[in-house]
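Residue numbers (this note's numbering): 464 to 608.
Ideal placement from N, C-alpha and C gives every residue a C-beta, glycine not left out.
Just so we're clear, the structure is a prediction, and the values are computed from it rather than from any experiment.
Have a look at this one:
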């Protein structure tokens, strides 16, 4: 159990790094082409260093680094947008893996004639209503009495 948990953590961290690379190196630049800048540089200046400087130069920062170097107070919503895109990608990938595993390992089922619950084909007794059900062995129906 401990070994399985350790393997899961290692695979999960590698998977997260792979998704981060996908978002940072593929999706973000593509969105940058559409919008005109990288998402990490989407920000809003809340307060310039001084009002006179802003009005005199019609100051417009192009990157977060420029604004931080000048001492401006900014609201950096681009990093939040990147994190949201990264989360959606990770959640979608994890859901796809979970769903495919669920489909691959799904056992064939049949309906219980008494309570109409789904039970495994090889079951001889319903786990829900405990009634005996017919099983198939080699294509022959065997009734349990």
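In the three-state reduction of the DSSP assignment, residue 591 falls in the coil class. Put simply, of 464, 486, 466, 469 the residue whose alpha carbon is nearest the alpha carbon of residue 554 is 486. Where residue 576 is concerned, there is no enclosing alpha helix (DSSP H), because DSSP gives it neither an H nor an E. Checking the DSSP bridge columns, you'll see residue 537 partnered with 508.
DSSP lists 572 as the beta-bridge partner residues of residue 583.
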